[in-house]
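Residues 194 to 491, numbered by my numbering, are exactly what the sequence shown covers, in order.
All C-beta atoms, glycine included, are put in the ideal place defined by N, C-alpha and C.
Below: the structure, in structure tokens.
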Amino acid sequence: ELLDVRKIHYDPHDLKILPKTIGFGGSASVYAAKWKDTSTIYAIKKFVENKEVYLTDLANSHENIIQFRGITKLEDGKKYSLVLEYADGGTLRSYLRNNTITFNWENQLKFAKEIASAILWLHDVKEIIHGDLHPNNILIHKDTIKLADFGRSCIKGSDINTGTYGLIPYMDPKFFETNSYRLTEKSDIYSLGVLYWELTSRKSPFDFEKKSSDDHLSIITNILKLLREEPIEDTNDKFVVLYKKCWEHEPDNRPNILKVISELNCIDPENNNVSIIPEESEESEKTANVYSCQIAIK
194 ELLDVRKIHY
204 DPHDLKILPK
214 TIGFGGSASV
224 YAAKWKDTST
234 IYAIKKFVEN
244 KEVYLTDLAN
254 SHENIIQFRG
264 ITKLEDGKKY
274 SLVLEYADGG
284 TLRSYLRNNT
294 ITFNWENQLK
304 FAKEIASAIL
314 WLHDVKEIIH
324 GDLHPNNILI
334 HKDTIKLADF
344 GRSCIKGSDI
354 NTGTYGLIPY
364 MDPKFFETNS
374 YRLTEKSDIY
384 SLGVLYWELT
394 SRKSPFDFEK
404 KSSDDHLSII
414 TNILKLLREE
424 PIEDTNDKFV
434 VLYKKCWEHE
444 PDNRPNILKV
454 ISELNCIDPE
464 NNNVSIIPEE
474 SEESEKTANV
484 YSCQIAIK
């Protein structure tokens with residue numbers, strides 16, 4: 194049994210669920226909740242599988258991973274719900290699309306390093322493959338990256354595979370070629386490359402957020418034809434070279450996370466003070482829910 198019954202249990206009567214949904218993790222809703230009569234706020238991810246409880250706990254204890262506080266069993270569900278650290282800055286996606294935020298090169302590189310640090314912890318210390326890296330699964334708390342959502346994660350080398358699900362632009366292209374392809378560390382590295390491009394562009398890759406499901410096949414086809422997004426003008430050259438290596442089609446050509454961090458540490462945070470402000474769009478709010486759609490390749 195993956196679930197350790199000794200985990201910290203929160204009495205559901207001590208948690209006051211606030212009315213506003215703060216996000217979606219895979220198929221689960223995430224809510225803010227106040228604990229007892231205090232000002233302490235937690236995030237509650239409702240009704241998760243035991244495997245996710247286990248992996249969320251296993252991944253714990255790193256400053257760039259959302260902190261696992263315990264579990265609770267709400268009155269309206271049979272499954273456990275996760276009690277997690279509350280991230281006051283919302284998702285990385287919301288941050289990048291917010292045109293009131295000036296996001297300069299120094300902070301872009303800082304976030305890139307923090308995401309890589311979290312992945313290093315998963316891959317080399319905990320032997321976990323995240324399997325679903327994208328900006329809605331990366332949170333910001335006190336201006337620090339917090340990687341979240343282990344609903345599609347797995348232990349390296351395990352027989353358990355999460356299936357071919359995810360957001361198309363961030364998925365390892367090998368999944369589109371072979372239905373039996375299994376998650377590896379290099380799947381996370383591919384996603385990381387796309388995320389790094391997005392840190393500099395502040396845009397959705399392939400304009401995916403505004404696309405309908407009818408456009409998904411054409412996006413997959415283009416990815417398999419080795420089409421990638423173009424680097425943003427004035428992006429640090431070394432950073433561009435790095436993320437292009439990460440999104441190589443063949444997994445063996447992608448660096449491991451140690452190599453990624455080594456390359457990041459060679460990049461000067463001060464030699465590119467480019468600040469990119471995204472264009473204002475009336476579609477911003479409308480596309481937030483579209484972006485959370487998942488694809489299942491059968």
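Span separating the alpha-carbon of PHE401 from that of ASP365: 16 Å
Given a cut-off of 9 Å, decide if ILE454 and ALA309 are closer than it, judged by their beta-carbon atoms. yes
Straight-line Cα distance separating SER397 from TYR383: 16 Å
Going by DSSP in three states, ILE237 sits in which element: helix, strand or coil? strand
Own chain residues within Cβ distance below 7 Å of TRP228, not counting five before or after: ASP207, LEU208 and TYR235
Could you check the C-alpha separation between ILE425 and LEU332 for me, to the nearest Å? 24 Å
If you draw a straight line from the alpha carbon of ARG262 to that of HIS334, how long is it in whole angstroms? 16 Å
THR393 beta carbon less than 9 Å from that of PHE369: no
Can you give me the C-alpha to C-alpha distance between ASP317 and ASN297, rounded to a whole angstrom? 30 Å
Ignoring anything shorter than 3 residues or poking outside the stretch 245 to 283, list the beta strand (DSSP E) runs there in chain order. 261 to 265 and 274 to 278
HIS442 lies in the beta strand (DSSP E); which residues open and close that run? Run containing HIS442: none; DSSP gives neither H nor E here.
Are the CB atoms of ASP233 and LEU277 nearer to each other than 9 Å? The question names Asp, yet the displayed sequence has Thr at residue 233. It is not a contact, given that the beta carbons lie outside the stated cut-off.
Own chain, CB closer than 6 Å to LYS272, minus 5 neighbours either side, in chain order: PHE240
By DSSP's criteria, TRP319 is part of a beta bridge. Which residues make up the other side? Here residue 319 is Lys; the residue named in the question, Trp, does not match the sequence. Paired residues: none, contrary to the question.
Would you say GLU456 faces chain D, with C-beta separation under 9 Å as the test? Among the protein chains of the structure shown there is no chain D, as only one such chain exists.
Tell me the residue span of the beta strand (DSSP E) that contains THR163. Here the chain covers residues 194 to 491 and nothing more, so residue 163 does not appear.
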